[in-house]
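K.L.:
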Amino acid sequence: MASVPVKTLRENLKAGRKALAARYLEEHDASAYLTRHAGLVDGVLAELWHSLAFPPELALVAVGGYGRGELYPGSDVDLLILLPGEPDAALTACLEQLVGLFWDIGLEVGHSVRTVPDCLREAAGDITVQTALLENRRLTGSPDLYAGFARSLKAGLNPQAFFKAKRLEQEERHLRYQETPYSLEPNCKESPGGLRDLQNILWIAQAVGYGTSWRDLKLRELITQGEHIQLQKCERHLQHLRIHLHLLTGRREDRLLFDHQTALAQAMKVTPTAAKRASEELMQAYYRNAKLVTQLNTILLQNIAADLMPAEATPPSPLNERFQIVGDFLDVVHEQVFEATPSALLESFWLLQQHPELRGMTARTLRALWRGRDLITPAFRKDPAHRRLFLSLFQSEQGVVHEFRRMNQYGILGRYLPAFGKIVGQMQHDLFHVYTVDQHILMVMRNLRRFALEEFAHEYPYCSRLHNAFARPWVLYVAALFHDIAKGRGGDHSLLGMEDAREFCETHGVEGEDQELIVWLVGQHLQMSQVAQKEDLTDPEVVAAFAARMKDQRHLTALYLLTVADIRGTSPKVWNNWKAKLLEDLYRLSLRYLETGDAPGPQGVIQERQAEALRLLRYFALSDTVHERLWKQLDTVYFLRHTAEEIAWHTRALHYRTQIEKPVVKARLHPGGGLQVMVYTEDQPDLFLRLVGFFAKAGYSIADAKIHTTRHGYALDSFILLDVADNASDRDMIPVIEAELTRHLECGLPAEAPSSGRLSRQVRHFPITPEVHIRPDEREAQQILSLVAADRPGLLFHVARILAQHGIALKAARIATLGERVEDTFLIAGPNLDKSTTRMKLESDLLDELQI
68 MASVPVKTLR
78 ENLKAGRKAL
88 AARYLEEHDA
98 SAYLTRHAGL
108 VDGVLAELWH
118 SLAFPPELAL
128 VAVGGYGRGE
138 LYPGSDVDLL
148 ILLPGEPDAA
158 LTACLEQLVG
168 LFWDIGLEVG
178 HSVRTVPDCL
188 REAAGDITVQ
198 TALLENRRLT
208 GSPDLYAGFA
218 RSLKAGLNPQ
228 AFFKAKRLEQ
238 EERHLRYQET
248 PYSLEPNCKE
258 SPGGLRDLQN
268 ILWIAQAVGY
278 GTSWRDLKLR
288 ELITQGEHIQ
298 LQKCERHLQH
308 LRIHLHLLTG
318 RREDRLLFDH
328 QTALAQAMKV
338 TPTAAKRASE
348 ELMQAYYRNA
358 KLVTQLNTIL
368 LQNIAADLMP
378 AEATPPSPLN
388 ERFQIVGDFL
398 DVVHEQVFEA
408 TPSALLESFW
418 LLQQHPELRG
428 MTARTLRALW
438 RGRDLITPAF
448 RKDPAHRRLF
458 LSLFQSEQGV
468 VHEFRRMNQY
478 GILGRYLPAF
488 GKIVGQMQHD
498 LFHVYTVDQH
508 ILMVMRNLRR
518 FALEEFAHEY
528 PYCSRLHNAF
538 ARPWVLYVAA
548 LFHDIAKGRG
558 GDHSLLGMED
568 AREFCETHGV
578 EGEDQELIVW
588 LVGQHLQMSQ
598 VAQKEDLTDP
608 EVVAAFAARM
618 KDQRHLTALY
628 LLTVADIRGT
638 SPKVWNNWKA
648 KLLEDLYRLS
658 LRYLETGDAP
668 GPQGVIQERQ
678 AEALRLLRYF
688 ALSDTVHERL
698 WKQLDTVYFL
708 RHTAEEIAWH
718 TRALHYRTQI
728 EKPVVKARLH
738 PGGGLQVMVY
748 TEDQPDLFLR
758 LVGFFAKAGY
768 SIADAKIHTT
778 RHGYALDSFI
788 LLDVADNASD
798 RDMIPVIEAE
808 LTRHLECGLP
818 AEAPSSGRLS
828 RQVRHFPITP
838 EVHIRPDERE
848 AQQILSLVAA
858 DRPGLLFHVA
868 RILAQHGIAL
878 KAARIATLGE
888 RVEDTFLIAG
898 PNLDKSTTRM
908 KLESDLLDEL
918 QI
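Numbering (the working numbering) for the sequence shown: 68 to 919.
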């Protein structure tokens, strides 16, 4: 150990890395940095190897990315210690010492110790090992052993098997990242469109003998000069991004997390604009680069496959004078088709819709399409034939989503609709969208199309029935394309989008009621979710007001289908069965209003609900007078705010004990998902606060609360609870909640604050300015408190505590959580709330509590 200069090597490595980073930040030459960093480590490893005096018949070999001669700041140093035979005890001890010294000098090493037969055996059974060994360099040691290893490895390669394995591996990797480069926190190495997609091409090229660089592929005419330049630019962009990310975090970090995006944009000298933060500009550039990488990756894989595994020479099958079918792909009859007939740019996607058996376009067609996108000029967009062809893409019986995605992927959609081009790769920092704007829009179109397809009818049967009965459903797809197209411009994107939609309809021959519906949907696309999630659907006036805005059943159905598709297209965390039920309830109630022409008055509603509740009670063999004791204590507000089914449930649980000595807690599964919990106890101060604390500690969030006080001073409260803590099944939790909450209330335990937990990274980096508003309800009898804030653990408990401190009585609560954003509405009453000074003090205290 004494003869090994550990301290010197560690200091030299540290100083060398520091100098390389400084030089990189000055010169901004990514390729030079990666090569120099690998060279620095080469020297340190060679000196360490020689200091341990290993036998000359061994070899130290760099493999993987390090074997390629590239080393990122935080990457592992992948090494193969090549042995001529099995090591003896002395050599084993020396090798163990070497591995320990790697870490002592500050190298994170991924190492293997193998003989040549070991390498060949492991490579034959594992494509990952084979790929790592494919890129190799001798650092020091026996040249003969290394040369024999390299020859044997090359001889053992099966080019066709390697190609198929790497293509399958890429498909599986893309699946792990949801097959999209457009997640808001992508992995710049592994995600689709990342460095790995470029490296995959070069690995395949090397394995099949086509070369080791983009220049080699150009010389073999597998890529054009333009593609060669684009590939180099894409690679440099990703290299710069990854180098800066490693330097910024001080470790191997390849995820573009929210935590790093702002600092990364600053380090890369990305400047903000009037409408976008620097981080948004950075990410939009990343997404556009990733999009180009996926295009080039597709073209190259097709070219290599055709060259490596040529199909049997079967004559092309003509489709028309511009296109033909080659194998399972659409092909241009010659490479100047688009220049000769620009309308073919759109026709190619229409043909793919008409021929679903085709798997895509040939590589030369994709190339020609990529070149031809510049032909989409203002004059092209004004051509009536082009407009008819573009509109027909919405109206096809099949392939609508596939082809709009493909048009976006290859830059055609953004060229034809410049407004769409502006939102390609645009982030949404609203804390509930997890896709870029363009990907969200296409996801909404996909969700609408799934309603039309038989194989997806089981997902949302009611929506599928409505969609299949909807005349000319293509108008929904047009509305979906435009509903968020004005995001990021400043101003109300719904109103701005209406203007874009109206212009599109007028220029594309969409007239009359279809145009009116499309424009109306774009303008109203947020309204149904807001009413369903924020207002009291048991209030006939709420339903009547909403239904009146719907005009007729066609407008109502269209908005319902678009709203379901829209919310489902924001984030998997935002959509749940509870929201689905709220929207369906609002649709059914509004439809009834539209069909009958008016809504029953309060007394009519009460009579209907009471009659239905009594009908339900008869199923349990209860007498016709079972309800009388309880209902005498309930006022009209109770019957207006609860459904007939809830009234029957409460009556069944309480009819024989309206005056009780201990609390009654009942829980059941809710048809919209989660649990419904009823609490009946003598009213008392801070009751809501105590209940909120209990539910939070139990791992449940409150989606809805109906708070009622009977005439004889009992609280009759109902809650819809959603599991946020991965409890046991909701069914198993029913007896736990009933027993524990009863004990909690019976013992008079004080309100217990839930654990504060940790703020999500999204909230930390993209905070929401909280908003609090208090206004009288329409009858001016009570006040409506609405608040908007970033979600955090225990938020509702803290709000309830402020209300309790002010002596506020809570009458109802509607809790709407949209990803990391909460938009809650409460009906409240309390002393002096009619005075502005009291309301202002309450608003101020709530704002202070909501600040992060």
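Note that CB positions come from ideal geometry on N, CA and C, so glycine has one too. Model, not experiment: these values are computed from the prediction.
(1) Return the first residue and the last residue of the beta strand (DSSP E) that His-117 is part of.
(2) Buried or exposed: where does Met-617 fall if 16 or more other Cβ atoms within 10 Å of its Cβ makes it buried?
(3) Are there three or more Cβ pairs, one per stretch, closer than 8 Å when the region 729–741 is compared with the region 835–845?
(4) Give me whichever residues DSSP pairs with Arg-322 in a beta bridge.
(5) Hey, would you say Phe-225 sits closer than 9 Å to Ala-129, going by beta carbons?
(6) Since Asp-962 contacts Ala-199 with CB under 8 Å, what's their CB separation in whole angstroms?
(7) Which residue comes first and which comes last in the beta strand (DSSP E) that contains Leu-147?
(8) Leaving out five residues before and five after Asn-215 in sequence, what residues of the same chain have Cβ atoms less than 7 Å from its Cβ?
(9) How about Lys-233 and Ala-274: do their beta carbons lie closer than 9 Å?
(10) Pairs of beta-carbons, one from the region 796–808 and one from the region 901–908, closer than 8 Å: are there three or more?
(11) Extract the residue ranges of the alpha helix (DSSP H) inside the region 687–768, only unbroken runs of 4 or more that lie entirely within it.
(12) State yes or no: is the C-beta of Gly-276 nearer than 8 Å to some heavy atom of the ligand ZN?
(13) Helix, strand or coil for Ala-82 per DSSP?
(14) Do you know how far the Cα of Arg-659 is from the Cα of Ala-612?
(15) Give the DSSP-derived three-state secondary structure of Glu-910 in the structure shown.
(16) When the Cβ atoms of the region 130–141 are set against those of the region 150–170, are three or more pairs found closer than 8 Å?
(17) By how many angstroms is the C-alpha of Ala-341 removed from the C-alpha of Trp-170?
(18) Look up Pro-385 in the DSSP assignment and say whether it is helix, strand or coil.
(19) Could you check where the alpha helix (DSSP H) with Gln-391 kicks off and where it finishes?
(20) Got a sec, what are the start and stop residues for the beta strand (DSSP E) Ala-782 sits in?
(21) Pick out whichever of Asp-858, Arg-757, Leu-87 and Tyr-747 has its Cα sitting closest to the Cα of Ala-782.
(22) What's the gap between the Cα of Gly-671 and the Cα of Ala-772?
(23) DSSP on Arg-881, reduced to helix/strand/coil?
(24) Which residues does DSSP pair with Glu-890 in a beta bridge?
(25) Quick one: grab the DSSP three-state call for Met-428.
(26) If we ignore side chains and look at the alpha-carbon of each, how far apart do Cys-530 and Phe-518 end up?
(27) Where do the N-terminal and C-terminal ends of the beta strand (DSSP E) with Pro-339 fall, by residue?
(28) Taking only three categories from DSSP, how would you classify Gly-276?
(29) Distance, Cα to Cα, Ser-657 vs Gln-591?
(30) What's the C-alpha gap between Glu-239 and Gln-245?
(31) I'd like to confirm the pairing. Which residues does DSSP put opposite Arg-205 in its beta bridges?
(32) Kindly indicate if chain B contains any beta-carbon less than 9 Å away from that of Asp-702.
(33) Within its chain, find whatever has a CB closer than 7 Å to the CB of Leu-816; leave out the 5 residues flanking it on each side and keep chain order.
(34) Based on Cα-Cα distance, which residue from Ala-715, Ala-217, Leu-456 and Gly-576 lies nearest to Leu-684?
(35) Once the 5 residues before and after His-307 are set aside, which same chain residues still bring their CB inside 8 Å of it?
(36) Nearest to Glu-510 by alpha carbon, out of Gln-743, Ile-371 and Leu-629?
P.N.:
This is what the structure gives:
(1) Here residue 117 corresponds to residue number 50 of the sequence shown, with the count starting at 1. Element bounds for His-117: not the beta strand (DSSP E) but the alpha helix (DSSP H), 97–118.
(2) The sequence position of residue 617 within the sequence shown is 550, counting from 1. Buried, by the Cβ-count rule.
(3) no
(4) On the sequence shown, residue 322 is found 255 positions in, with the first residue counted as 1. Arg-322 pairs with Asn-254.
(5) Mapped onto the sequence shown, residue 225 falls at position 158. Mapped onto the sequence shown, residue 129 falls at position 62. Note that residue 225 is Asn in the sequence shown, not Phe. It is not a contact, given that the beta carbons lie outside the stated cut-off.
(6) Any question about residue 962 goes unanswered here, given that the chain covers just 68 to 919.
(7) Start at 1 with the first residue of the sequence shown, and residue 147 comes out as number 80. Taken as a continuous stretch (DSSP letters only), the beta strand (DSSP E) holding Leu-147 covers 144–150.
(8) Position 148 of the sequence shown, counted from the start, is the residue given in the question as residue 215. Note that residue 215 is Gly in the sequence shown, not Asn. So the list reads Val-183, once near-sequence residues are dropped.
(9) Position 166 of the sequence shown, counted from the start, is the residue given in the question as residue 233. Position 207 of the sequence shown, counted from the start, is the residue given in the question as residue 274. The answer is yes: Cβ separation under 9 Å.
(10) no
(11) 695–698, 703–708, 711–721 and 754–764
(12) Ligands in the displayed structure: none, and consequently the ligand ZN is not present.
(13) On the sequence shown, position 15 is the one that residue 82 refers to. Of the three classes helix, strand and coil, the one that applies to Ala-82 here is helix, per DSSP.
(14) For the purposes of this step, residue 612 is taken as residue 545 along the sequence shown, with counting starting at 1. For the purposes of this step, residue 659 is taken as residue 592 along the sequence shown, with counting starting at 1. The straight-line gap from Cα to Cα measures roughly 13 Å.
(15) By one-based count along the sequence shown, residue 910 stands at place 843. Correct three-state label for Glu-910: helix.
(16) no
(17) Translated into positions along the sequence shown, residue 170 becomes position 103. Translated into positions along the sequence shown, residue 341 becomes position 274. Roughly 48 Å between the two C-alpha positions.
(18) On the sequence shown, residue 385 is found 318 positions in, with the first residue counted as 1. Note: Pro-385 maps to strand in three-state DSSP.
(19) Taking the first residue of the sequence shown as 1, we reach residue 391 at position 324. Run containing Gln-391: none in the alpha helix (DSSP H); it sits in the beta strand (DSSP E), 390–393.
(20) Your numbering for residue 782 matches position 715 in the sequence shown. Start and end: 781–790.
(21) Numbered from 1 along the sequence shown, position 715 holds the residue referred to as residue 782. Looking at the Cα atoms, Tyr-747 is the closest of the given residues.
(22) Here residue 671 refers to the residue found at position 604 of the sequence shown. Here residue 772 refers to the residue found at position 705 of the sequence shown. Cα to Cα, Gly-671 sits roughly 24 Å from Ala-772.
(23) Position 814 of the sequence shown, counted from the first residue, corresponds to residue 881. Strand.
(24) Taking the first residue of the sequence shown as position 1, residue 890 is located at position 823. Val-855.
(25) Taking the sequence shown and counting its residues from 1, one reaches residue 428 at position 361. In the structure shown, Met-428 sits in a strand (DSSP, three-state: E or B).
(26) Taking the sequence shown and counting its residues from 1, the one referred to as residue 530 is at position 463. Taking the sequence shown and counting its residues from 1, the one referred to as residue 518 is at position 451. Cα to Cα, the separation comes out at about 6 Å.
(27) Taking the first residue of the sequence shown as position 1, residue 339 is located at position 272. First-last for Pro-339: undefined, no H or E at that position.
(28) Start at 1 with the first residue of the sequence shown, and residue 276 comes out as number 209. Coil at Gly-276, not helix or strand.
(29) Mapped onto the sequence shown, residue 657 falls at position 590. Mapped onto the sequence shown, residue 591 falls at position 524. Ser-657 and Gln-591: Cα-Cα distance of roughly 16 Å.
(30) For the purposes of this step, residue 239 is taken as the residue at position 172 of the sequence shown. For the purposes of this step, residue 245 is taken as the residue at position 178 of the sequence shown. Approximately 10 Å, taken between the alpha carbons.
(31) Numbered from its first residue, the sequence shown carries residue 205 at position 138. BP columns for Arg-205 point to Val-128.
(32) You won't find chain B in this structure, because it holds only one protein chain.
(33) Sequence index remark: in the sequence shown, residue 816 carries index 749 (1-based). Cβ neighbours of Leu-816 beyond the five flanking positions: none.
(34) On the sequence shown, position 617 is the one that residue 684 refers to. Among Ala-715, Ala-217, Leu-456 and Gly-576, the Cα nearest to that of Leu-684 is on Ala-715.
(35) In the sequence shown, counting from the first residue as 1, residue 307 sits at position 240. So the qualifying residues of the chain are His-95, Ala-97 and Met-335.
(36) By one-based count along the sequence shown, residue 510 stands at place 443. Contrary to the premise, residue 510 reads as Met rather than Glu in this sequence. For Met-510, the nearest C-alpha among the options comes from Leu-629.
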